[in-house]
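Peer 1:
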Amino acid sequence: MRAIKAHYDGRVVVPEEPIDLAVNTPVRVLVPEADDSAAIAKAFAHLSEPSFSRIWDNDEDAAYDKL
């Protein structure tokens, strides 16, 4: 997953930079509320859980499971 800066033009969300996606590729758009940085951090933490679980699921890190 990656974050892309974009703006809403009143009709659609428009990326600020070129992105390499096929037409009609599903995407997830997170829209922050004013002063909602805690909720944003929680959302990104939740979205990163699958990646971290794959990275941390290895024999070398098994010792930390006992802490």
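Note that the numbering used here has the sequence shown beginning at 811, numbered continuously upward. The beta-carbon is built from N, C-alpha and C at its ideal position, and this holds for glycine as well. Please read these numbers as outputs of a predicted model, since none were measured by experiment.
Tell me where the alpha helix (DSSP H) around A855 begins and ends.
Peer 2: 847-866
Peer 1: In chain order, what residues of the same chain lie with their CB nearer than 8 angstroms to the CB of A853, ignoring the 5 residues before and after it?
Peer 2: L840
Peer 1: Rounded to the nearest angstrom, how far is the Cβ of A816 from that of P825, given a contact under 8 angstroms?
Peer 2: 5 angstroms
Peer 1: What residue from P836, T835, I850 has the CA that sits closest to R842's CA?
Peer 2: Note on identity: in this sequence residue 842 is Pro, with Arg being the wrong assignment. With distances taken between Cα atoms, P842 lies closest to I850.
Peer 1: Pull up the distance between the alpha-carbon of D875 and that of L831, whole angstroms please.
Peer 2: Answer to the nearest angstrom: the Cα atoms are 38 angstroms apart.
Peer 1: So the beta strand (DSSP E) Y818 belongs to, where does it begin and stop?
Peer 2: 816-818
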